[in-house]
Amino acid sequence: MTDTDPDVSAASIDLDLGPVGNEDVDWDRFNSDAYFSHNYSTLRPDDTRIIEIVANFFEKTCRGHSLGRAIDVGAGANLYPAMMMLPYASQVTLFERAFTNRQWLTHELEKPHGSWWQFWSTIAAGRKPYEPFRKPLDVLHGRAAVERGNIFDLTPDQYDLGTMFFVAESITTRNDEFQRAARQFVNTLKPGAPFAAAFMRDSSGYIVAGRYFPACSITEADVQRALAPVARSVHIELVESNDLREGYGGMMVATGRKK
Ligand SMILES: C[S@@+](CC[C@H](N)C(=O)[O-])C[C@H]1O[C@@H](n2cnc3c(N)ncnc32)[C@H](O)[C@@H]1O
0 MTDTDPDVSA ASIDLDLGPV GNEDVDWDRF NSDAYFSHNY STLRPDDTRI IEIVANFFEK
60 TCRGHSLGRA IDVGAGANLY PAMMMLPYAS QVTLFERAFT NRQWLTHELE KPHGSWWQFW
120 STIAAGRKPY EPFRKPLDVL HGRAAVERGN IFDLTPDQYD LGTMFFVAES ITTRNDEFQR
180 AARQFVNTLK PGAPFAAAFM RDSSGYIVAG RYFPACSITE ADVQRALAPV ARSVHIELVE
240 SNDLREGYGG MMVATGRKK
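Next comes the structure, spelled out in structure tokens:
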């Protein structure tokens with residue numbers, strides 16, 4: 000963080016703090032419980048639409064392939080990207096920089112909140128690959144590994160399938176860092192591997208339990224530009240969303256394959 004106190008109220012989110020890079024933030028002070036309660040204690044229409052796009056994409060591109068290694072980058076306090084990869088993954092790495100989120104994920108896998116069943120019902124509805132799972136959260140517990148790491152240090156060519164939800168644009172205000180993070184995510188996949196990534200559109204940052212976290216204001220063109228050097232068959236969809244908080248202009252979902 001810069002010399003500005005990050006413990007700011009939502010009212011002051013429009014203050015110009017100057018560029019805030021990923022290294023400027025104390026990620027270990029990310030309040031996982033508050034973030035979960037605000038975002039995932041109930042299923043909202045925007046996440047429902049994201050599930051439709053991503054679960055359909057995975058069904059189309061992964062069905063019939065042997066089980067592989069999957070990664071969710073910057074998993075935070077969210078299990079549903081990993082849940083969507085379950086039929087196609089023998090292992091799911093939940094890759095996270097913040098100690099608080101790693102601790103939360105470890106505990107959540109053992110004792111998941113009931114709201115994940117709302118997400119699962121939507122994921123599984125009418126999609127055959129999800130049908131065999133009677134206890135998806137137990138299976139996820141068995142297959143998931145919480146891993147400490149930094150997106151900027153990801154090793155290339157490791158995974159068969161990947162997700163990254165609200166990370167590259169929500170960890171920095173700097174467009175160069177956003178682009179580097181998005182490319183690092185795709186690069187950690189093996190050539191041809193499918194991926195899905197969700198982004199906040201035109202975000203001015205966010206508050207978690209009274210603490211400011213940075214975001215880079217991006218549009219579809221920025222996502223296209225960031226992914227073009229590393230991905231092919233990129234498809235970007237806008238997702239309507241306006242009641243999560245102030246200071247953003249909807250969500251975007253990109254699907255594609257690593258080049
Ligand atoms: C806005 S949250 C998104 C969390 C979750 N993926 C979701 O869908 O809600 C951003 C996440 O990125 C993580 N993060 C921040 N910097 C990171 C880095 N350099 N490498 C990996 N993860 C990072 C944060 O700890 C946080 O969990």
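In numbering that gives the first Met the number 0, the protein residues as written are 0 to 258.
Quick reminder that beta carbons are idealized off the backbone N, C-alpha and C, glycines included.
query: Going by the beta-carbon positions, is the gap between Ile70 and Gly161 smaller than 7 Å?
result: yes
- request: Mind checking who Ala88 pairs with in its DSSP beta bridge?
  value: Gly67
- request: Determine contact between the stretch 241-252 and the stretch 226-233, defined as no fewer than three beta-carbon pairs at a distance below 8 Å.
  value: no
field: the stretch 201-221 touching the stretch 161-171, judged by at least three CB pairs closer than 8 Å
entry: yes
task: Return the chain-ordered list of same chain residues with a C-beta closer than 7 Å to the C-beta of Val138, the five sequence neighbours on each side being excluded.
output: Leu85 and Phe132
field: Val7 versus Tyr205: straight-line alpha-carbon distance, rounded
entry: With a pLDDT of only 48 at Val7, under 50, the local geometry of the prediction cannot be trusted, and no value is derived from it.
message: Within a Cβ cutoff of 7 Å, which residues of the same chain sit near Phe158, ignoring the five residues on either side of it in sequence?
response: Here residue 158 turns out to be Tyr, not Phe, going by the sequence shown. Within the same chain, Tyr158 has close Cβ partners Arg68, Ala69, Ile70, Thr187, Leu188, Lys189 and Ala192.
query: Mapping DSSP to helix, strand and coil, what is Leu243?
result: coil
message: Nearest by alpha-carbon distance to Lys110: which of Ala33, Pro135, Phe194 and Val91 is it?
response: Pro135
- request: May I ask which residues mark the beginning and end of the beta strand (DSSP E) holding Glu146?
  value: Ala143 to Arg147
message: Can you give me the C-alpha to C-alpha distance between Arg142 and Val91, rounded to a whole angstrom?
response: 6 Å
- prompt: Of all the alpha helix (DSSP H) runs that stay within the bounds of the stretch 88-174, which reach a length of 4 or more residues?
  reply: 98-109, 115-123 and 135-142
query: Mapping DSSP to helix, strand and coil, what is Leu226?
result: helix
- request: Can you check DSSP and say which residues form a bridge with Phe194?
  value: Gly161 and Gly255
Own chain residues within Cβ distance below 7 Å of Pro5, not counting five before or after: A caution first: Pro5 carries a pLDDT of 46, below 50, which makes its placement in the model unreliable, though a value can still be read off. Cβ neighbours of Pro5 beyond the five flanking positions: Arg210 and Tyr211.
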